[in-house]
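The opening position of the sequence shown corresponds to residue 95 in this note's numbering, with each subsequent residue numbered one higher. Ideal Cβ placement from N, Cα and C applies to all residues, glycine included.
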Amino acid sequence: MTNLELRDVIGHFAEFSMDQHGSRFIQQKLERATNAEKDMVFKEIITNAPQLMTDVFGNYVIQKFFEFGSPEHKAYLAHSIRGNVLSLALQMYGCRVIQKAVETLQPEYQIQ
95 MTNLELRDVI
105 GHFAEFSMDQ
115 HGSRFIQQKL
125 ERATNAEKDM
135 VFKEIITNAP
145 QLMTDVFGNY
155 VIQKFFEFGS
165 PEHKAYLAHS
175 IRGNVLSLAL
185 QMYGCRVIQK
195 AVETLQPEYQ
205 IQ
């Protein structure tokens with residue numbers, strides 16, 4: 095996967111996120127991605143965000159968006175967590191997503 099770029103896996107971001115090597119690939123690329131590339135990935139995975147938050151590998155991609163995503167990405171993810179905090183907190187991988195959200199979100203989102 096060393097020669098792949100994000101554009102090479104369009105249409106498969108959710109699938110890649112739930113694979114060990116695919117998740118690592120996306121995580122590494124998100125750290126250096128342009129805003130347009132981040133938007134491209136985000137638009138594709140957001141419909142699968144609840145599933146990814148509790149997936150053994152997908153949760154790391156969601157965490158990367160809390161670290162490197164735009165304020166809009168973070169706000170959207172924070173909104174998707176709201177109402178699901180308890181179920182995520184009780185789940186092995188979901189609790190990691192909540193921890194990352196608390197570490198990275200602005201206080202106004204943490205209160206909600």
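DSSP, read as helix, strand or coil, puts ASP149 in coil. Under the three-state reduction of DSSP, GLY116 is assigned to helix. Around the beta-carbon of MET186, fewer than 16 other beta-carbon atoms lie within 10 Å, marking it exposed. Annotation: ASP102 is outside any alpha helix (DSSP H) and is labelled neither H nor E by DSSP. Looking from the CA of ASP133, the closest CA among PHE162, MET112, LEU182 belongs to PHE162. For THR141, no alpha helix (DSSP H) run applies, since DSSP gives it neither H nor E. Cα atoms of MET147 and SER174: separation of roughly 10 Å, rounded to the nearest angstrom.
Between SER111 and ILE140, the C-beta spacing is not below 8 Å. In the three-state reduction of the DSSP assignment, GLN157 falls in the helix class, which pools H, G and I.
Remark: C-beta atoms of ILE120 and VAL150 do not approach each other more closely than 8 Å.
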